[in-house]
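Residue numbers (our numbering): 5 to 287.
Listed below in structure tokens is the structure:
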């Protein structure tokens, strides 16, 4: 009886090892095919066709792909720092419409450039999924509406709140870049992430190990977006409000909050559920 029990335990262990091995092999094959597809010419998406025309943006060597990815990451980092200091200058030192317009124009240009570069990187094998792709398009629209908002009492009522939010957002983006880049480097070395994976302004499943401390900062930023939306909806109901930008910005901030918050909650829920399943399997 003990021999039989021992044999069953051994077979169960072998079966478990076999399952793990198959899962690993399948994952390796998927990554291999994904890397192969990255070198094949692809049709540009609608956005790239509108911006660049029918131009082949496929980079033909790993060196060129990595160089472009590194350039993208550096651009994000430098612009995050510039925008943070720009918002600080506008909020504390220069209460001037001209500097506000320059800052808002910088935001529009930054997000437009990000969407173009991300589209090129996605054509070359970078994995940016779901909402985090759409997020920058919505942010571009929001920045454009802010740029067109004329000077007036409604603008001044929201100005300080928006600039303070911009400072906090830049600070969180800097934190995310600093810690995500280190985490990605470690995961690439272990073969768990693609070499062209990028840092993002949100929370993804691969960040669960080591980056959960960022979640409070992210959730605070998400609820600040909701607070911005509520403030703007109240301003839109003000009897002196004549600008269409107020209501449009309120809707856009609400869309950003819902997209960011629900996506983050979904990722956290999936990871918690997966961890519970793994614990039950081990038991």
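Positions of the beta carbon are idealized from the N, C-alpha and C atoms, including for glycine. Treat the numbers as computed from the prediction; the structure is a model and nothing was measured.
Distance, residue j Cα to residue i Cα
{"i": "residue 87", "j": "residue 170", "result": "8 Å"}
{"i": "residue 136", "j": "residue 168", "result": "23 Å"}
{"i": "residue 276", "j": "residue 216", "result": "12 Å"}
{"i": "residue 55", "j": "residue 104", "result": "27 Å"}
{"i": "residue 244", "j": "residue 250", "result": "12 Å"}
{"i": "residue 223", "j": "residue 14", "result": "46 Å"}
{"i": "residue 270", "j": "residue 69", "result": "31 Å"}
{"i": "residue 130", "j": "residue 246", "result": "44 Å"}
{"i": "residue 176", "j": "residue 92", "result": "15 Å"}
{"i": "residue 151", "j": "residue 126", "result": "29 Å"}
{"i": "residue 61", "j": "residue 248", "result": "38 Å"}
{"i": "residue 75", "j": "residue 82", "result": "10 Å"}
{"i": "residue 52", "j": "residue 132", "result": "16 Å"}
{"i": "residue 90", "j": "residue 116", "result": "18 Å"}
{"i": "residue 273", "j": "residue 219", "result": "13 Å"}
{"i": "residue 182", "j": "residue 255", "result": "31 Å"}
{"i": "residue 225", "j": "residue 173", "result": "7 Å"}
{"i": "residue 166", "j": "residue 65", "result": "42 Å"}
{"i": "residue 230", "j": "residue 147", "result": "17 Å"}
{"i": "residue 294", "j": "residue 139", "result": "This structure cannot settle anything about residue 294, because the visible part of the chain is limited to 5 through 287."}
{"i": "residue 63", "j": "residue 73", "result": "11 Å"}
{"i": "residue 162", "j": "residue 235", "result": "8 Å"}
{"i": "residue 278", "j": "residue 97", "result": "49 Å"}
{"i": "residue 84", "j": "residue 178", "result": "7 Å"}
{"i": "residue 210", "j": "residue 141", "result": "Per-residue confidence for residue 210 stands at a pLDDT of 46, beneath the threshold of 50, marking its modelled position as unreliable; no derived number is given."}
{"i": "residue 50", "j": "residue 128", "result": "16 Å"}
{"i": "residue 102", "j": "residue 153", "result": "13 Å"}
{"i": "residue 257", "j": "residue 71", "result": "34 Å"}
{"i": "residue 123", "j": "residue 78", "result": "17 Å"}
{"i": "residue 180", "j": "residue 134", "result": "19 Å"}
Where residue i falls: helix, strand or coil (DSSP)
{"i": "residue 77", "result": "helix"}
{"i": "residue 243", "result": "coil"}
{"i": "residue 97", "result": "coil"}
{"i": "residue 253", "result": "helix"}
{"i": "residue 64", "result": "coil"}
{"i": "residue 163", "result": "helix"}
{"i": "residue 132", "result": "coil"}
{"i": "residue 278", "result": "helix"}
{"i": "residue 156", "result": "coil"}
{"i": "residue 225", "result": "helix"}
{"i": "residue 90", "result": "helix"}
{"i": "residue 263", "result": "helix"}
{"i": "residue 52", "result": "helix"}
Residue i - containing alpha helix (DSSP H), residue span
{"i": "residue 145", "result": "135-152"}
{"i": "residue 103", "result": "101-127"}
{"i": "residue 58", "result": "That residue, residue 58, is in no alpha helix (DSSP H); it is neither H nor E in DSSP."}
Buried/exposed call for residue i, threshold 16 Cβ in 10 Å
{"i": "residue 121", "result": "buried"}
{"i": "residue 113", "result": "exposed"}
{"i": "residue 94", "result": "buried"}
{"i": "residue 333", "result": "Since the first and last residues shown for the chain are 5 and 287, residue 333 lies out of range."}
{"i": "residue 58", "result": "exposed"}
{"i": "residue 263", "result": "buried"}
{"i": "residue 266", "result": "exposed"}
{"i": "residue 99", "result": "exposed"}
{"i": "residue 80", "result": "buried"}
{"i": "residue 5", "result": "Residue placement at residue 5 is flagged as unreliable, the pLDDT there being 48, under the threshold of 50; the coordinate-derived value follows with that caveat. So residue 5 ends up on the exposed side."}
{"i": "residue 107", "result": "buried"}
* Hey, is the stretch 144-163 in contact with the stretch 234-242, meaning 3+ C-beta pairs nearer than 8 Å? -> With a cut-off of 8 Å, the stretch 234-242 and the stretch 144-163 count as touching, because enough Cβ pairs lie within range.
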